[in-house]
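Report on the following structure.
In this note's numbering, the protein residues as written are 4 to 266.
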């Protein structure tokens, strides 16, 4: 989301999004006057692909009248079927902002279960998940803790509940950057996609960071290389287009989310 906000604020006419499709779609939703390019169109998201618009409509039919909270890690079409979006940094605040006794969260079950711990509202949820986070096991975390006994464990709320129970801090990716910078600790185990370690190390040269598991690698996030960016610059494509009726409905959910504070 932060990148999409930056995209909307830049004076550039062309945005090249080195990420996955839902990220580029979100940029296209908030930047209708800009050309948004995804260098590798096959770069998708396993969790976003677990729920389509028709499936969400079926879920909504099970819980008529309750608002739908959708994680930004979702397709534009799913956002368009939602009342409000959320990030991992403001999921709890978004749910509470609705002031309804019950909500439906999509598509991430783990984020929904984490939010449920922090509100008295009943949260119904879909059964989607991030394969990279959901596959992290207690055994892997114990192994990392044994190898680095002085390290604090930072875990992303996309991780399973039993992993979050072991964490010293449960944070979004941006929240992890803040926590690591402000903490007096010198060592951290990081339970999220392994790419965040680069930024953590760069921003905190005097501290050490370890992956909770070397298997926490999102292949889709790694698909875009410099050659792909060069080709995108040369060809100005592939362009991500969100149909206007879907864009307008999704924009409403995204804008509503932006009024809610993040951690």
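Beta carbons: idealized from backbone N, C-alpha and C, even for Gly. On a predicted model such as this, the values are computed, not experimentally measured, just so you know.
Mark residue i as exposed unless 16 or more other C-beta atoms lie within 10 angstroms of its C-beta, in which case mark it buried.
| i | result |
| --- | --- |
| residue 136 | buried |
| residue 68 | exposed |
| residue 2 | Residue 2 falls outside the range modelled here, since the chain spans only 4 to 266, and no answer is possible. |
| residue 130 | exposed |
| residue 220 | exposed |
| residue 163 | buried |
| residue 46 | buried |
| residue 10 | buried |
| residue 185 | exposed |
Using only the alpha-carbon positions, how far apart do residue i and residue j sit?
| i | j | result |
| --- | --- | --- |
| residue 3 | residue 97 | Only positions 4 to 266 of the chain appear in the structure, and residue 3 is not among them; the question remains open. |
| residue 260 | residue 89 | 6 Å |
| residue 206 | residue 179 | 12 Å |
| residue 187 | residue 201 | 20 Å |
| residue 53 | residue 132 | 8 Å |
| residue 23 | residue 165 | 28 Å |
| residue 84 | residue 56 | 7 Å |
| residue 247 | residue 82 | 13 Å |
| residue 115 | residue 229 | 36 Å |
| residue 13 | residue 169 | 40 Å |
| residue 218 | residue 197 | 8 Å |
| residue 242 | residue 151 | 45 Å |
| residue 15 | residue 37 | 8 Å |
| residue 182 | residue 95 | 18 Å |
| residue 40 | residue 119 | 36 Å |
| residue 171 | residue 156 | 5 Å |
| residue 203 | residue 167 | 20 Å |
Got a sec? Which residues, its chain only, sit under 8 Å from residue i by beta carbon, not counting five neighbours each side?
| i | result |
| --- | --- |
| residue 189 | 153, 209, 210, 211 |
| residue 79 | 25, 28, 29, 31, 32, 245, 249, 250, 253 |
| residue 70 | 86, 87, 101, 103, 106, 107 |
| residue 76 | 25, 48, 50, 51, 110, 111, 133 |
Within a Cβ cutoff of 7 Å, which residues of the same chain sit near residue i, ignoring the five residues on either side of it in sequence?
| i | result |
| --- | --- |
| residue 199 | 176, 179, 193 |
| residue 231 | 42, 43 |
Between residue i and chain E, is there a C-beta pair that is closer than 9 Å?
| i | result |
| --- | --- |
| residue 146 | Absent from the structure: chain E. Only one protein chain is present. |
Quick one: residues in its chain with C-beta nearer than 6 Å to the C-beta of residue i, no 5 flanking neighbours on either side, listed in chain order?
| i | result |
| --- | --- |
| residue 149 | none |
| residue 125 | 105 |
| residue 226 | 43, 46 |
| residue 147 | 192, 215 |
Inset, instruction - Please determine if the stretch 247 to 265 and the stretch 26 to 36 are in contact, where contact requires at least 3 C-beta pairs separated by less than 8 Å. - result: The stretch 247 to 265 vs the stretch 26 to 36: in contact.
Legend entry - Runs of beta strand (DSSP E) lying entirely within the stretch 17 to 61, each at least 3 residues, in chain order: You should have 17 to 19, 38 to 40.
Inset, instruction - Report yes or no: do the stretch 105 to 113 and the stretch 140 to 148 share at least 3 C-beta pairs separated by less than 8 Å? - result: Below 8 Å, too few C-beta pairs join the stretch 105 to 113 and the stretch 140 to 148 to call them touching: fewer than three.
Legend entry - Validate contact between the stretch 231 to 240 and the stretch 55 to 68 using beta carbons, cut 8 Å, 3 pairs: Not touching, per the Cβ criterion.
Inset, instruction - Mind listing, in chain order, the continuous beta strand (DSSP E) runs of no fewer than 3 residues lying wholly within the stretch 111 to 198? - result: List check, beta strand (DSSP E) in window: 125 to 128, 155 to 158, 190 to 194.
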